[in-house]
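The sequence shown runs 53 to 377 under this note's numbering.
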Amino acid sequence: MFRTIELKLPYENELVERAKQFKDASQMFPDYGFKSKMLNKNKLKKGIYRTESKKVPTLPSAFVLTVRDKTSEMLKLTKIQKGIKKKSLSMIYDKRTFKFYSDSNAMSLSTVQGIPGYPIAHSTTIDKSRGEYTNAQAITDGKGERIFVMVQVEIPDREVMRKEDMKIVGMSIGMRNITAVSNNIFFNSKYLMEVKGRHRYLNRKQQHSNTNSARSKSKNMEERERRLVRDVNYLISKDAVSLPFDILALETLNPAGMKGNKHDTLFKCSNYASESNADINASRNIEVLCKSKYFRLSPASQSFRLDETPLIGGEETSGELQSFS
């Protein structure tokens, strides 16, 4: 499992100068690759390594190889259809150019003055994220005050211990109600649905003009909606993991045929003629299936992937079921 922790460093000139060298090298490689229509990493290095070494002679080869790899990925992503411009003053470190010492709250980074050490303010995030520190990215804030370092750490997966008194809750993921929990809790999605509806209305209006400005506005609205969805998902997941349960059982949503369902919010049992909310009923099915699978598993196997029919209701839990503890 990988995690990213954010650390702050003072605005040191030697770090900024190294970032400027990295930015210059990051611009030379894309320019050469775009001009020569070249994607191969080795050919990129052979074509510009000597020129780059003369222009930025003090930049270590580890940074040059990092720039080469990132340039090749970006050129493949854009299919060499347009040039690449690096705007931010940032640089990428790997194991050869940085070390993070979590026990002593210190970090050493490659600069134009060598590899000095910098003290890091202690935080509980560092204590929770101990493992193998693989790489880092240093980003300046643009105001000349701080440098933020995003450190990626590989944490070994925790071994799941089976307990007899585990509290399990089922969660149903839907299109109208984003999440419904088996203990009758709904996560509100009214604001998100309003924003999506407003964006659909504006997109339909702008499609008639078919101008560059209209297409640009539609693209910006899509980006804003994507960021909003990401933020809402983060807030919901944060609230979900704070619930007083040991295991959260989720389903993989299959939206095929759901948009044409006229009775999507109501479930009627054909055997007992009882009615309930369809999302709550689905979450209870997930909870029952997870409990039945969990207590039948041996301690060595903790995989919850269910392909059985639900125990309650008709067609509420389709697809795979995953459990997180």
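The beta-carbon is built from N, C-alpha and C at its ideal position, and this holds for glycine as well.
Over the uninterrupted beta strand (DSSP E) stretch that includes residue i, give me the two end residues.
{"i": "Val233", "result": "Thr231 to Val233"}
{"i": "Ile299", "result": "Ile299 to Glu303"}
{"i": "Lys137", "result": "Segment: none, Lys137 is in no beta strand (DSSP E) and carries neither H nor E."}
{"i": "Tyr324", "result": "Run containing Tyr324: none; DSSP gives neither H nor E here."}
{"i": "Leu418", "result": "With the chain represented from 53 up to 377, any question about residue 418 goes unanswered, as that position is not in the structure."}
{"i": "Pro171", "result": "Gly169 to Pro171"}
{"i": "Ser160", "result": "Ala158 to Leu161"}
Less than 8 Å between the beta carbons of residue i and residue j, yes or no?
{"i": "Ala173", "j": "Lys60", "result": "yes"}
{"i": "Glu339", "j": "Ile220", "result": "yes"}
{"i": "Cys342", "j": "Gly183", "result": "no"}
{"i": "Lys75", "j": "Lys134", "result": "no"}
{"i": "Thr118", "j": "Asp146", "result": "yes"}
{"i": "Asp155", "j": "Ser224", "result": "no"}
{"i": "Pro82", "j": "Leu127", "result": "yes"}
{"i": "Ala188", "j": "Leu67", "result": "no"}
{"i": "Met53", "j": "Asp209", "result": "yes"}
{"i": "Ser142", "j": "Arg55", "result": "no"}
Tell me which residues share the same chain as residue i and place their Cβ nearer than 8 Å to its Cβ, disregarding the 5 neighbours each side in the sequence.
{"i": "Glu69", "result": "Thr163 and Val164"}
{"i": "Lys131", "result": "none"}
{"i": "Asn264", "result": "none"}
{"i": "Asp291", "result": "Phe239"}
Could you tell me whether the Cβ of residue i comes closer than 8 Å to any Cβ of chain C?
{"i": "Met53", "result": "The structure shown contains no chain C; it is built from a single protein chain."}
State the start and end residues of the unbroken alpha helix (DSSP H) segment that holds residue i.
{"i": "Lys151", "result": "Segment Phe150 to Tyr153 is the beta strand (DSSP E) holding Lys151; no alpha helix (DSSP H) there."}
{"i": "Lys320", "result": "First-last for Lys320: Leu318 to Lys320, but that is the beta strand (DSSP E), not the alpha helix (DSSP H)."}
{"i": "Lys180", "result": "Thr176 to Lys180"}
Short of 6 Å in beta carbon distance, which residues of its chain neighbour residue i, apart from the five on each side in sequence? Order them along the chain.
{"i": "Glu104", "result": "Ala77 and Met80"}
{"i": "Pro296", "result": "none"}
{"i": "Glu64", "result": "none"}
{"i": "Ser328", "result": "Phe319"}
{"i": "Lys122", "result": "none"}
{"i": "Phe152", "result": "Met159, Tyr185 and Val203"}
{"i": "Gln73", "result": "Val108 and Leu111"}
{"i": "Leu161", "result": "Phe150"}
Enumerate in chain order the residues of its own chain whose CB-to-CB distance from residue i is below 7 Å, with the five nearest sequence positions on each side excluded.
{"i": "Ser355", "result": "Here the model assigns Ser355 a pLDDT of 40, short of 50, so the residue's position is not dependable, and the following value carries that caveat. Excluding positions up to five away in sequence, the list is empty."}
{"i": "Glu58", "result": "Phe200 and Met202"}
{"i": "Ser270", "result": "Asn255 and Gln258"}
{"i": "Ala114", "result": "Asp146, Arg148 and Thr149"}
{"i": "Ser353", "result": "With a pLDDT of 41 at Ser353, under the threshold of 50, the modelled position of this residue cannot be trusted, and the question is left open."}
{"i": "Ser140", "result": "Ile191"}
{"i": "Pro168", "result": "Ser160"}
Q) In chain order, which alpha helix (DSSP H) runs of at least 4 residues are fully inside the region 54-120? A) 65-88 and 93-107
Q: Inspect the CB distances between the region 91-101 and the region 235-254 and report whether three or more fall short of 8 Å.
A: no
Q. Going along the chain, which unbroken runs of the beta strand (DSSP E) with 3 or more residues stay wholly within the region 188-266?
A. 198-206, 220-225, 231-233 and 237-239
Q: Check whether the region 327-337 touches the region 231-238, taking contact to mean three or more Cβ pairs, one atom from each stretch, closer than 8 Å.
A: With the cut-off at 8 Å, the region 327-337 and the region 231-238 touch.
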